[in-house]
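Presented below is the structure to which this report refers.
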Amino acid sequence: MKLFDFQFFLSTFPELARVIPVTLKITIVAMLASVVTALAVALVRIYRIPGLRQLAAVYVSFARGTPMLVQIYLSYYGIPLVVQFLRDKYGWNLDVSQIPAIVFIYFAFTFNVAAYLSETIRAAILAIDKGQMEASLSVGMSSLQGLRRIVLPQALAVALPSFGNTAIALVKDTSLAFMISVVEMMGEAKILGARGLRFFEVYVAVALVYWAICIIIERLVALGEKRVRRFEGLSAVRPS
Amino acid sequence: MQILRTLALAAGILGTLSAAPRQTVTVGTEGVYAPFTFLDEKGVITGYDVEVVQEIARRVDLDAKFVPTPWDSMFLALDARKFDLVANQISRNPQRAEKYNFSNDYLVSGAQIIVRGDRAGQFSHGYADLKGLKVGTGVGSNYSKHLEDFNQKNGKAIDIKYYDGNLTTVLQDIVAGRLDATVNDRLTVGYNAKKLGTNVKVVGQPLDFEPSYFVFRKDAQGGALTALFNKGLADLKKDGTLARLSQKWFGADFTR
Amino acid sequence: MIKLDDIWKAFHHNQVLKGIDLEVRKGEVVVLLGPSGSGKSTLLRCINCLERADKGTIRIGDLEVDTAQLRKPQIAALRRKTTMVFQNYNLFRNKTALENVMEGLVVVQGIPVKVARERSAACLDKVGLGDRFNHFPSQLSGGQQQRVGIARAMAMDPEVILFDEPTSSLDPEVVGGVLDVMKGLARDGMTMVVVTHEMAFAREVANHVAFMDGGVIVEEGTPAQVFERTRELRTRAFLQRVRRDGPALAGPAPAGAAAIPGAGPAGGGLPALQR
Numbered sequence: 002m003k004l005f006d007f008q009f010f011l012s013t014f015p016e017l018a019r020v021i022p023v024t025l026k027i028t029i030v031a032m033l034a035s036v037v038t039a040l041a042v043a044l045v046r047i048y049r050i051p052g053l054r055q056l057a058a059v060y061v062s063f064a065r066g067t068p069m070l071v072q073i074y075l076s077y078y079g080i081p082l083v084v085q086f087l088r089d090k091y092g093w094n095l096d097v098s099q100i101p102a103i104v105f106i107y108f109a110f111t112f113n114v115a116a117y118l119s120e121t122i123r124a125a126i127l128a129i130d131k132g133q134m135e136a137s138l139s140v141g142m143s144s145l146q147g148l149r150r151i152v153l154p155q156a157l158a159v160a161l162p163s164f165g166n167t168a169i170a171l172v173k174d175t176s177l178a179f180m181i182s183v184v185e186m187m188g189e190a191k192i193l194g195a196r197g198l199r200f201f202e203v204y205v206a207v208a209l210v211y212w213a214i215c216i217i218i219e220r221l222v223a224l225g226e227k228r229v230r231r232f233e234g235l236s237a238v239r240p241s
Numbered sequence: 112m113q114i115l116r117t118l119a120l121a122a123g124i125l126g127t128l129s130a131a132p133r134q135t136v137t138v139g140t141e142g143v144y145a146p147f148t149f150l151d152e153k154g155v156i157t158g159y160d161v162e163v164v165q166e167i168a169r170r171v172d173l174d175a176k177f178v179p180t181p182w183d184s185m186f187l188a189l190d191a192r193k194f195d196l197v198a199n200q201i202s203r204n205p206q207r208a209e210k211y212n213f214s215n216d217y218l219v220s221g222a223q224i225i226v227r228g229d230r231a232g233q234f235s236h237g238y239a240d241l242k243g244l245k246v247g248t249g250v251g252s253n254y255s256k257h258l259e260d261f262n263q264k265n266g267k268a269i270d271i272k273y274y275d276g277n278l279t280t281v282l283q284d285i286v287a288g289r290l291d292a293t294v295n296d297r298l299t300v301g302y303n304a305k306k307l308g309t310n311v312k313v314v315g316q317p318l319d320f321e322p323s324y325f326v327f328r329k330d331a332q333g334g335a336l337t338a339l340f341n342k343g344l345a346d347l348k349k350d351g352t353l354a355r356l357s358q359k360w361f362g363a364d365f366t367r
Numbered sequence: 096m097i098k099l100d101d102i103w104k105a106f107h108h109n110q111v112l113k114g115i116d117l118e119v120r121k122g123e124v125v126v127l128l129g130p131s132g133s134g135k136s137t138l139l140r141c142i143n144c145l146e147r148a149d150k151g152t153i154r155i156g157d158l159e160v161d162t163a164q165l166r167k168p169q170i171a172a173l174r175r176k177t178t179m180v181f182q183n184y185n186l187f188r189n190k191t192a193l194e195n196v197m198e199g200l201v202v203v204q205g206i207p208v209k210v211a212r213e214r215s216a217a218c219l220d221k222v223g224l225g226d227r228f229n230h231f232p233s234q235l236s237g238g239q240q241q242r243v244g245i246a247r248a249m250a251m252d253p254e255v256i257l258f259d260e261p262t263s264s265l266d267p268e269v270v271g272g273v274l275d276v277m278k279g280l281a282r283d284g285m286t287m288v289v290v291t292h293e294m295a296f297a298r299e300v301a302n303h304v305a306f307m308d309g310g311v312i313v314e315e316g317t318p319a320q321v322f323e324r325t326r327e328l329r330t331r332a333f334l335q336r337v338r339r340d341g342p343a344l345a346g347p348a349p350a351g352a353a354a355i356p357g358a359g360p361a362g363g364g365l366p367a368l369q370r
């Protein structure tokens, strides 16, 4: 019995490549939805909007305090129950069984990642000098305008490295999607391994593919940092 | 003569493994595949496969320890020596036979299509009836292989949905409407439907008759263990214990 | 033009403003003096609602506001009539000097970008930064940043500019350049309320000086009245302390050429104000 079947190892790459889009889809959709949600949550907490801010605090605590896998299961098996309840109570006509499993993945991952991101964003906004907002208000801008034009762009520069971190972690977490039979890279790896009855080779291969994707993300974030920190001029610490 | 020599070799090799008075043999099994291998209300592992192994172990003076393992890493764990054998209704196919040692069979059962209890249709054409349907299956199982083989010859007509192997999640999704069907051992349905009230039923005729085997690594120790188990199994068949266990768990003798 | 009536403000249990009355006439320069903690910055920041006064009325021009019942539109209206120059400059760090000055014009006043750009360029020229349009604040010295801050405040064409210790964070050599810019503004008739420790500036430029201590206006009047014919003991004590430790207040203002060096940072300052 060979220790490492190199032919089999190579043969797994085309199969794995076929499902890279699934991994990327989950990552990109969840990341974008999370940033938007996280911004809302962060602002609710910074501006202490009554009622919503306690809800936001509980949400962040729960989403960060429970395992991602549990959240996936709660999403996949729990949402249909809620829909069932609504159907019985209000007579809605919604067939949950036809919703593709990946939608539940989008939901669960956004739920989870947004909580972490909201803390990143909140910290980044608070890191911006109060004077920036005061100057915005003093020329007559609304808080929203000041946020959008002055504070958030600067906060983005602060938060970007952390965003990159989160994105990279998210790529790896997508491997849990197979638990509700969404075939992304990890699921495909299991299928290939079971089919060929050789597991080590395919796991090495899939590890390399994950790594390659994460390296690309690192590079993109570095490029983003350079752009977003233009205004720091010559005095800026160069991103490594 | 050959058998005796192998047995002597087996005893010798096993003797070198540990100095304990009674050797332990570790068994990989799912623990979530009723009625073959599952945990009872007290959390103790039991089921047809488990009890057969326990009986054999008793006959050949071994201590059987069960290691619950998810289906999708079962063979991987066997390769990695996490346990000595797999007792999980394993069927035989050329690929597996090439890589592993198989004991003699300890059950012969049939694969059948399983659908939700209220679903209409005869399903009398076997796999062809699954065309265009969403069929769930465990990664790397023999049932997967049959479905994939059918798909290869029929232009991917069946929409195969891969699961990690835990049958209860597949059955749940059938009940929830996320899947149309699965193919699995007909004996599981009886247990699930009766004990757990899962709304599923078997339809049509058995698609294949597959004997079940214990699976061992293909090395000296594995070979020795295979021989030992076959001896124990032979004893069980001779004195009627195997048939009795089959009656207990399935209501009939499927041990042929 | 500006009338503050009985302004009260407390931070938690600390009563910082205790019934302030202040009047500023159009085109006047009013200087607020006092030790730290006297409430002068707080008073200034109440005028454009960066702090919300607890009680009292604020009137700017024909807009009168009851601070106990401040509504968003009223705050916006007050801020449309005022702009502020900050001790820490508070330039928009992610915008160039030119963009800093343009920002309010385009976003708040809805002025077309081209017009805003021309006006902003003119203001930056006026404060002596004609060659620094495309620099970011991180690329400007303190003095340069503050001058951009003044240009930003000017460009909005407000009814009054509020200065909150505009030179307190600057190196001594550049203070003069910034003060010169402010003097130019005053000469052009801008209404200004200035919180500062620069006594010479107050003597030269202010029409009205108010000395605050412990949340009340202890003494106010023309510079001559407050500095030379001081009535209150507290005022006298403060002025003596400043004379001894702080920027020099060497008795009567010198006649003839300005005593304050007009030299600014590289790029040139404005010519010194001739008396």
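Chains as they are written, first to last, in the working numbering: chain L, 2 to 241; chain Z, 112 to 367; chain C, 96 to 370. For glycine and all other residues, C-beta sits at the position ideal for the given N, C-alpha and C. Note that this is a predicted model, so its numbers are computed, not measured.
Measuring CB atoms only, is the region 121-135 of chain L touching the region 79-97 of chain L, in the sense that at least three cross pairs come out at less than 8 Å? no
Are the C-beta atoms of S129 of chain Z and some chain L residue less than 8 Å apart? Along the second sequence, read from residue 1 onward, the residue named residue 129 of chain Z stands at position 18. Because the pLDDT at S129 of chain Z is just 48, under 50, the model does not fix this residue reliably, and the point stays unresolved.
What is the DSSP secondary structure of A268 of chain Z, counted as helix, strand or coil? As a first step, residue 268 of chain Z must be located in the second sequence, where it is residue number 157. The answer is coil: DSSP assigns A268 of chain Z none of H, G, I, E or B.
Quick one: what does DSSP say P349 of chain C is sitting in, helix, strand or coil? Here residue 349 of chain C refers to the residue found at position 254 of the third sequence. The predicted position of P349 of chain C is uncertain, since its pLDDT is 39 and thus under 50; no value can be drawn from it.
To the nearest angstrom, how far is the alpha carbon of G66 of chain L from that of A190 of chain L? Working through the first sequence from its first residue, we reach residue 66 of chain L at position 65. Working through the first sequence from its first residue, we reach residue 190 of chain L at position 189. If I take the Cα positions, the gap works out to 29 Å.
Alpha carbon to alpha carbon, how far is C144 of chain C from K121 of chain C? Give it in angstroms, no decimals. Here residue 121 of chain C is taken as the residue at index 26 of the third sequence, counted from 1. Here residue 144 of chain C is taken as the residue at index 49 of the third sequence, counted from 1. Their Cα atoms are separated by approximately 20 Å.
Give a yes or no on whether the C-beta atoms belonging to T330 of chain C and V313 of chain C are separated by under 8 Å. Counting from 1 along the third sequence, the entry for residue 330 of chain C is found at position 235. Counting from 1 along the third sequence, the entry for residue 313 of chain C is found at position 218. Result yes, Cβ atoms of T330 of chain C and V313 of chain C sit closer than 8 Å.
For the putative contact between K176 of chain Z and T137 of chain Z, defined by C-beta atoms under 8 Å, what is the C-beta separation to the nearest angstrom? Reading the second sequence from its first residue, position 65 is the one you call residue 176 of chain Z. Reading the second sequence from its first residue, position 26 is the one you call residue 137 of chain Z. Between T137 of chain Z and K176 of chain Z the Cβ distance is about 5 Å, and since that is below 8 Å, they are a contact.
Cβ of V126 of chain C within 8 Å of Cβ of V304 of chain C? Taking the first residue of the third sequence as position 1, residue 126 of chain C is located at position 31. Taking the first residue of the third sequence as position 1, residue 304 of chain C is located at position 209. Result yes, Cβ atoms of V126 of chain C and V304 of chain C sit closer than 8 Å.
Could you pull the start and end residues of the alpha helix (DSSP H) that T325 of chain C belongs to? Locating residue 325 of chain C in the third sequence gives position 230, counting from the first residue. T325 of chain C -> no alpha helix (DSSP H), and no H or E assigned at all.
So, at 8 Å on beta carbons, what are the nonlocal neighbours of V97 of chain L in its own chain, with the 5 sequence-adjacent residues on each side left out? Counting from 1 along the first sequence, the entry for residue 97 of chain L is found at position 96. Result list for V97 of chain L: I80, P81, V84, Q85, in chain order.
Going by C-alpha distance, which of Z:L356, Z:D240, Z:A145 is nearest N199 of chain Z? Sequence index remark: in the second sequence, residue 199 of chain Z carries index 88 (1-based). Comparing Cα-Cα distances from N199 of chain Z to each of Z:L356, Z:D240, Z:A145, the minimum goes to Z:A145.
Three or more C-beta pairs closer than 8 Å, one from the region 148-163 of chain C and one from the region 142-162 of chain L: is that the case here? no
Use the C-beta contact count for V208 of chain C: other C-beta atoms within 10 angstroms, 16 or more gives buried, fewer gives exposed. Residue mapping note: residue 208 of chain C aligns to position 113 of the third sequence, counting from 1. It counts as exposed.
In angstroms with no decimal places, state the Cα-to-Cα distance between I256 of chain C and A332 of chain C. Within the third sequence, residue 256 of chain C is the residue found at index 161, counting from 1. Within the third sequence, residue 332 of chain C is the residue found at index 237, counting from 1. So the alpha carbons of these two residues sit roughly 30 Å apart.
Under a three-way DSSP split, which group does F227 of chain Z fall into? Indexing the second sequence from 1 puts residue 227 of chain Z at position 116. For the record, residue 227 of chain Z in the displayed sequence is Arg; it is not Phe. Correct three-state label for R227 of chain Z: strand.
Classify Y211 of chain Z as buried or exposed, calling it buried when 16 or more other Cβ atoms lie within 10 Å of its own Cβ. Position 100 of the second sequence, counted from the start, is the residue given in the question as residue 211 of chain Z. By the 10 Å Cβ count, Y211 of chain Z comes out buried.
Alpha carbon of V201 of chain C to alpha carbon of P168 of chain C, nearest angstrom: Counting from one through the third sequence, the residue named residue 201 of chain C turns up at place 106. Counting from one through the third sequence, the residue named residue 168 of chain C turns up at place 73. When rounded, the distance between both Cα atoms is 20 Å.
Inter-residue spacing [alpha-carbon to alpha-carbon] between R298 of chain C and V273 of chain C: Your numbering for residue 298 of chain C matches position 203 in the third sequence. Your numbering for residue 273 of chain C matches position 178 in the third sequence. Their Cα atoms are separated by approximately 16 Å.
Short CB-CB distance (under 8 Å) between Y273 of chain Z and chain L: Counting from 1 along the second sequence, the entry for residue 273 of chain Z is found at position 162. Yes, Y273 of chain Z lies at the interface with chain L (some Cβ there is under 8 Å from its Cβ).
For N189 of chain C, does the three-state DSSP call read helix, strand or coil? The residue given as residue 189 of chain C occupies position 94 in the third sequence. Note: N189 of chain C maps to coil in three-state DSSP.
Which of the residues in the region 135-159 of chain L, read from start to end, lie with their CB under 7 Å from any CB of chain D? The chain labelled as chain D is not found among the protein chains of the depicted structure, namely L, Z and C.
Would you mind stating whether K342 of chain Z and L118 of chain Z have Cβ atoms separated by less than 8 Å? Against the second sequence, residue 342 of chain Z aligns to sequence position 231. Against the second sequence, residue 118 of chain Z aligns to sequence position 7. Contact flag set, yes.
Return no unless some Cβ of chain Z is closer than 8 Å to the Cβ of M180 of chain L. Taking the first residue of the first sequence as position 1, residue 180 of chain L is located at position 179. Closer than 8 Å to some Cβ of chain Z, the Cβ of M180 of chain L qualifies, so yes.
Quick check on A98 of chain Z: buried or exposed, where buried means 16 or more other Cβ atoms within 10 Å of its Cβ? Residue numbering for chain Z in the displayed model covers 112 to 367; residue 98 of chain Z lies beyond these limits and cannot be assessed.
Looking at chain Z, is there any beta carbon in it that lies within less than 8 Å of the beta carbon of K3 of chain L? By 1-based counting over the first sequence, the position of residue 3 of chain L is 2. Judged by the 8 Å Cβ criterion, K3 of chain L is not in contact with chain Z.
Three-state secondary structure (DSSP) at I256 of chain C? Residue 256 of chain C sits at position 161 when you count from the first residue of the third sequence. Strand at I256 of chain C.
Can you name the residues of chain L whose CB is closer than 8 Å to the CB of G199 of chain C? Numbered from its first residue, the third sequence carries residue 199 of chain C at position 104. Those within 8 Å of G199 of chain C in chain L are V140, G141, M142.
Considering Cα atoms alone, identify which of Z:R192, Z:P322, Z:F340, Z:Q358 is closest to V171 of chain Z. Taking the second sequence and counting its residues from 1, the one referred to as residue 171 of chain Z is at position 60. For the residues Z:R192, Z:P322, Z:F340, Z:Q358, the minimum Cα distance to V171 of chain Z belongs to Z:F340.
M287 of chain C bridges to which residues according to DSSP? Stepping through the third sequence from its first residue, residue 287 of chain C is reached at position 192. M287 of chain C pairs with C:V124, C:I256.
Name the one or two DSSP bridge partners that A105 of chain C has. Position 10 of the third sequence, counted from the first residue, corresponds to residue 105 of chain C. C:Q110.
For a contact meaning CB atoms closer than 7 Å, what does R289 of chain Z contact in chain L? The residue given as residue 289 of chain Z occupies position 178 in the second sequence. Chain L residues near R289 of chain Z: S98.
Could you check if V20 of chain L is buried or exposed, using at least 16 other CB atoms within 10 Å of its CB as the buried criterion? The residue labelled residue 20 of chain L in the question sits at position 19 within the first sequence. By the 10 Å Cβ count, V20 of chain L comes out buried.
If you drop the 5 nearest sequence neighbours on each side, which residues of the same chain put their C-beta closer than 6 Å to that of S255 of chain Z? Working through the second sequence from its first residue, we reach residue 255 of chain Z at position 144. Within the same chain, S255 of chain Z has close Cβ partners T248.
Can the beta-carbon of D270 of chain Z be found closer than 8 Å to that of L244 of chain Z? Within the second sequence, residue 270 of chain Z is the residue found at index 159, counting from 1. Within the second sequence, residue 244 of chain Z is the residue found at index 133, counting from 1. Closer than 8 Å, so yes.
Assuming G141 of chain L and G199 of chain C are in contact, meaning their beta carbons sit under 8 Å apart, how far apart are those beta carbons, in whole angstroms? The residue you call residue 141 of chain L lines up with position 140 of the first sequence. The residue you call residue 199 of chain C lines up with position 104 of the third sequence. G141 of chain L to G199 of chain C, Cβ: 6 Å. Contact.
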